[in-house]
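Take a look at the structure set out below.
Protein chains in written order, with our numbering: chain H, 4 to 365; chain V, 4 to 365.
Rendered as structure tokens:
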């Protein structure tokens, strides 16, 4: 278990990291745009790849874009709300899938191998002992959350610990030389938490923001909606207070992701936000400190109905739309390949003058 | 110059290759779907990546999907219609960019290096001599097309030769062990030809299917539309006869792409179709032999307004939408990485039983 410094509240932890998040100076973006316009292609013809390159140049403050040491953090935790029968899979699957990640057999492993991305698997709250393995980052805060249909998902000190884990993971990535990281998660029951967060943050009814998750039938979705409505009625989370929302209807991995995203922005790392659950963590981070949005890239559009509302909240257009809904960081992995393409094009393409190519007549 | 067997007409060449295109047997796709449902993920949760894997299994007739020896064919040719001032760039840029491709400085080179794809640069009709280089595939049919605003773009024997080049390139790829190839092109003026083809095949006015190309201003777009209208009025291409359309308002690289796509399907290769110009070649191939559609993957949605209409014609949903409009095969390169992801997931993921993960309760 993570040792928690019980003297520091979630609010103090957030305040400290949020204060470190820099503003983006537009001069680096202007330089990047001028460089792009000299490369051997019609102006703007690489579309969103050019937009990515410009944003990265602003984040990295550099004329050479660096995507080395790419890493995806897959945070795993259990959810007490699974008692309410809100998932198509038994809770034990969280720990079983962590083992699968460590053995290299999951989707996230396959994609990260293809694209040269390190997968960092973090137990931040799996219920029970995962087979110990040197590759697992053991930062367990608790054996899952409490059942949010009956009361707050977390104690205040658990939330503080989970946020701290995320902030520290980002700091470690920065120290290892990463400039681009991705989010991922695993947790049976966590679309229920993400839908509850979405309902609260957007003020929309649970029925509009709740989907099939891992594959519920229509009766299962109706039950899930009722459980989310109950969790909100029991806890009365304060929409204007992201910390309150996170503690009452969040999850340990979602809190960890919120901390990771804030911590990454504080270290000037670009962060690729995976799907629905990761975007819930990102939306809470943006609510806590809007400057964090400058460092985010939304990986893909999940088919979970709540995801589009969260993307609006964080003002990001996803890079991909492949109708995925797996999580783990799988969308992040694919999107990181696209972001690396943008960086490579920016760094490696010839200019009109270096290649002896005539410019536009007009 | 390519030697043309003047005894064979375009129609005979097409007929021969079209007859070799196999049907897809659904049993391989059913087997693939069963395999996907055993992998450690909720059923269908990889979205379009699963659809890609199923289609590849049908094409390759295999339980192990093979994307080795990936290659993109970038076919370059000039267009006589550039006399009408339809491009923002001078015609000389076609040959200059071919040189840039051979030196590795263009966008297509950067992306292919990232994703381990070979770029095969083919001079199928560049006006004038490109600096000879061992890396250039010299299959020049003519020094560009004639000006289609004054008469047919090609002679019948030129069309026959360009189709043959494409068919032979596909055969060569199959012999070198490629299972997945991509299309690309370079040719100042070729969005004018692609827009004319789109107008004829869809029966839509030129004004609806014509865009800025490499970056025309609004007066330039108006001029381009008028030129396309004139080319159609002068040549009266027969909408129901793709060969007639290709000869009158096509291009040597577009004819080459049509041949390449038909030839690839005849050899059971999956073909990634790049953007607007490549899709014009694919639409003509599909008009000539609808079975070819089973072998196509549309890489991305270009922002050229005609592209969406062509995608409807070939009944393909593009994999990516990054607002690109560069050509060269740049969309193909990115899409090939996604297709390889689908294959890798299919080949490498653990099953529920091999990983000891519980299945769905329902």
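Every residue, glycine too, gets a C-beta built ideally from N, C-alpha and C.
Quiz prompt | residue 174 of chain H and residue 266 of chain H closer than 8 Å at C-beta | solution = Taking a C-beta distance under 8 Å as the contact criterion, residue 174 of chain H and residue 266 of chain H qualify as a contact pair.
#### Entry: Unbroken stretches of the beta strand (DSSP E), 3 residues or longer, contained in the segment 55-103 of chain H
For the segment 55-103 of chain H, whole beta strand (DSSP E) runs of length 3 or above, ordered along the chain, are 74-80.
Which runs of the beta strand (DSSP E) fall wholly inside the segment 171-229 of chain H and span at least 3 residues, in chain order? With a minimum length of 3 residues, the continuous beta strand (DSSP E) runs that stay inside the segment 171-229 of chain H are 183-189.
Buried or exposed: residue 221 of chain H, going by 16 or more other Cβ atoms within 10 Å of its Cβ? Here residue 221 of chain H is exposed, its C-beta having fewer than 16 other C-beta atoms within 10 Å.
For this session: Taking only the alpha-carbon atoms, compute the straight-line gap between residue 134 of chain V and residue 102 of chain V and give it to the nearest angstrom.
Result: Approximately 7 Å, taken between the alpha carbons.
Could you tell me whether any Cβ in chain H is nearer than 8 Å to the Cβ of residue 344 of chain V?
Chain H contact via Cβ: present.
Helix, strand or coil for residue 134 of chain V, going by three-state DSSP, please let me know.
Residue state, collapsed to three classes: coil.
**Prompt:** To the nearest whole angstrom, what separates the beta carbons of residue 324 of chain H and residue 324 of chain V, a pair I think is in contact under 8 Å?
**Reply:** Confirmed, about 7 Å.
Which residues of the segment 14-44 of chain V have a Cβ closer than 9 Å to any Cβ of chain H? Give them in chain order.
Against chain H - using a Cβ distance shorter than 9 Å - the residues of the segment 14-44 of chain V are 42, 43, 44.
Query raised in the report: Using a Cβ-Cβ distance under 8 Å, would residue 352 of chain V count as near chain H?
Result: Yes, contact with chain H.
Suppose you measure from the CA of residue 352 of chain H to the CA of residue 91 of chain V; what does that come to, to the nearest Å? Taking the straight line joining both Cα atoms gives about 21 Å.
Please look up how many angstroms separate the CB atoms of residue 342 of chain V and residue 50 of chain H, rounded, as I've assumed it's under 8 Å. By a beta-carbon distance limit of 8 Å, residue 342 of chain V does not contact residue 50 of chain H. Their separation comes to about 20 Å.
- Starting from residue 299 of chain V, follow its DSSP beta bridges and name the residues at the other end. Bridge partners of residue 299 of chain V according to DSSP: V:274.
Checklist entry - Below 8 Å, can you find three or more Cβ-Cβ pairs linking the segment 198-207 of chain V to the segment 293-312 of chain V? => result Result yes; three or more Cβ-Cβ pairs closer than 8 Å.
Checklist line | Integer-rounded CB distance, given that residue 86 of chain H should sit under 8 Å from residue 160 of chain H | finding: Taking 8 Å as the upper bound for CB-CB distance, residue 160 of chain H and residue 86 of chain H are not in contact here, some 22 Å apart.
Using 8 Å as the threshold, is the C-beta distance between residue 84 of chain H and residue 218 of chain H below it? Going by C-beta atoms, residue 84 of chain H is not nearer than 8 Å to residue 218 of chain H.
Next item on the list: Quick one: grab the DSSP three-state call for residue 147 of chain V.
Entry: Note: residue 147 of chain V maps to coil in three-state DSSP.
Q. Got a sec, what are the start and stop residues for the alpha helix (DSSP H) residue 19 of chain H sits in?
A. Counting along the chain, the alpha helix (DSSP H) containing residue 19 of chain H begins and ends at 13-22.
Exercise. Can you list the alpha helix (DSSP H) stretches of 4 or more residues lying completely in the segment 317-356 of chain H, in chain order?
Worked result: Those alpha helix (DSSP H) runs which fall completely within the segment 317-356 of chain H and span 4+ residues are 333-351.
*Within the same chain, show all residues whose beta-carbon is closer than 6 Å to that of residue 297 of chain V, passing over the 5 residues directly before and after it, in chain order.*
Beyond the five residues adjoining it in sequence on each side, residue 297 of chain V comes within less than 6 Å, by CB distance, of 27 in the same chain, given in chain order.
- request: Identify every residue that forms a DSSP beta bridge with residue 123 of chain H.
  value: Looking at the DSSP assignment, residue 123 of chain H forms a beta bridge with H:76.
Q) Which of helix, strand or coil does DSSP assign to residue 129 of chain V? A) In the three-state DSSP reduction, residue 129 of chain V falls in the coil class, being neither helix nor strand.
Between the Cα of residue 20 of chain H and those of H:106, H:94, H:171, spot the shortest distance and give me the residue it belongs to.
Of the listed residues, the one whose Cα sits closest to residue 20 of chain H is H:171.
Whole-angstrom distance between residue 38 of chain V and residue 300 of chain V, CA atom to CA atom: Straight across, the Cα-Cα distance linking residue 300 of chain V with residue 38 of chain V is about 22 Å.
Note to self: Distance check for residue 258 of chain V and residue 223 of chain H, CA to CA, integer angstroms please.
What the structure shows: Rounded to the nearest angstrom, the gap between the Cα atoms of residue 223 of chain H and residue 258 of chain V is 54 Å.
Mind listing the chain V neighbours of residue 187 of chain H? Cutoff is C-beta to C-beta under 8 Å, in chain order. Scanning chain V for C-beta atoms nearer than 8 Å to the C-beta of residue 187 of chain H yields nothing, as the closest lies near 13 Å away.
Contacting residues, own chain, Cβ-Cβ under 8 Å from residue 291 of chain V (five flanking each side not counted)
Once the five neighbours on either side are set aside, the close Cβ partners of residue 291 of chain V are 17, 21, 245, 246, 261, 265.
Checklist line | Member of H:94, H:253, H:272, H:62 whose CA lies at the smallest distance from the CA of residue 31 of chain H | finding: The shortest Cα separation from residue 31 of chain H among H:94, H:253, H:272, H:62 belongs to H:62.
Show which residues of chain V have a CB atom less than 9 Å away from the CB atom of residue 327 of chain H.
Residues of chain V passing the Cβ test: 48, 49, 50, 51, 52.
**Item:** Per DSSP, the bridge partner or partners of residue 42 of chain H
**Value:** Paired residues: H:354.
Per DSSP, which residues does residue 140 of chain V bridge with? Please list them. Paired residue(s): V:125.
How would you call residue 347 of chain V, buried or exposed, if buried means at least 16 neighbouring beta carbons within 10 angstroms? Buried, by the Cβ-count rule.
query: Name the chain V residues whose beta carbon is nearer than 8 Å to that of residue 99 of chain H?
result: Within 8 Å Cβ-Cβ: 358, 359, 360, 361.
Go through its chain and collect everything with a Cβ distance to residue 14 of chain V's Cβ below 8 Å, but skip five positions before and after it.
246.
### Message
Can you pull out the residues from the segment 113-127 of chain H whose beta carbon lies closer than 7 Å to at least one beta carbon of chain V?
### Response
Listed in sequence order: 113, 114, 117.
From which residue to which residue does the alpha helix (DSSP H) around residue 256 of chain H run?
-> Note, residue 256 of chain H: alpha helix (DSSP H), 255-269.
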